[in-house]
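**Q**
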Amino acid sequence: MTSRREPRDPAAYKRDRRQAVLRHHPDKGGDPNEMLRALEEVDRRHGVSGPRRSDHAATAEQVAAVAVTALAGVAAVGLSVAMSLLSRRR
206 MTSRREPRDP AAYKRDRRQA VLRHHPDKGG DPNEMLRALE EVDRRHGVSG
256 PRRSDHAATA EQVAAVAVTA LAGVAAVGLS VAMSLLSRRR
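Following this note's numbering, the numbering of the sequence shown begins with 206 at its first residue and continues without gaps.
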């Protein structure tokens with residue numbers, strides 16, 4: 206992994222990264238690999254050296270695992286709230 210440098214314009218860098226994530230995030234129907242490519246492009250444009258492409262071999266699987274875990278957590282909270290509401294009606 207290469208070292209990171211500070212972006213030339215931190216506010217623009219943050220804005221561009223956020224736009225790339227919002228556009229390509231797997232939770233929003235995007236492709237994890239395309240999101241990584243977009244983030245690398247933002248890093249390149251702003252003079253921030255990011256990790257090399259080969260460093261992302263397991264990233265798609267990690268993103269999927271986090272998404273599944275988050276969805277399971279949301280489902281558990283929803284079920285808990287539903288059960289709580291149903292038990293109050295009795």
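Beta carbons are placed, not taken as given, at the ideal position from N, Cα and C, and that holds for glycine.
Since the structure is predicted, the reported quantities are computational estimates derived from the model, not experimental observations.
Expressed to the nearest angstrom, what Euclidean distance is found between the alpha-carbon atoms of Ser289 and Ala275?
**A** In the sequence shown, counting from the first residue as 1, residue 289 sits at position 84. In the sequence shown, counting from the first residue as 1, residue 275 sits at position 70. Ser289 and Ala275: Cα-Cα distance of roughly 21 Å.
**Q** Go through the region 214 to 270 residue by residue and report every complete run of the alpha helix (DSSP H) that reaches 4 residues or more, in order.
**A** For the region 214 to 270, whole alpha helix (DSSP H) runs of length 4 or above, ordered along the chain, are 215 to 229 and 237 to 250.
**Q** What is the DSSP secondary structure of Arg293, reduced to helix, strand or coil?
**A** Here the question's residue 293 lines up with position 88 in the sequence shown. Correct three-state label for Arg293: helix.
**Q** What do you reckon, are the CB atoms on Asp236 and His229 nearer than 8 Å?
**A** For this step, residue 236 is matched to residue 31 along the sequence shown. For this step, residue 229 is matched to residue 24 along the sequence shown. Yes. Within cutoff.
**Q** Flag this pair as yes or no: are the beta carbons of Ser254 and Arg209 separated by less than 8 Å?
**A** As a working note, residue 254 is residue 49 in the sequence shown. As a working note, residue 209 is residue 4 in the sequence shown. Yes, the Cβ-Cβ distance between Ser254 and Arg209 is below 8 Å.
**Q** Suppose you measure from the CA of Asp248 to the CA of Pro212; what does that come to, to the nearest Å?
**A** If you number the sequence shown from 1, residue 248 lands on position 43. If you number the sequence shown from 1, residue 212 lands on position 7. Taking the straight line from one Cα to the other gives about 8 Å.
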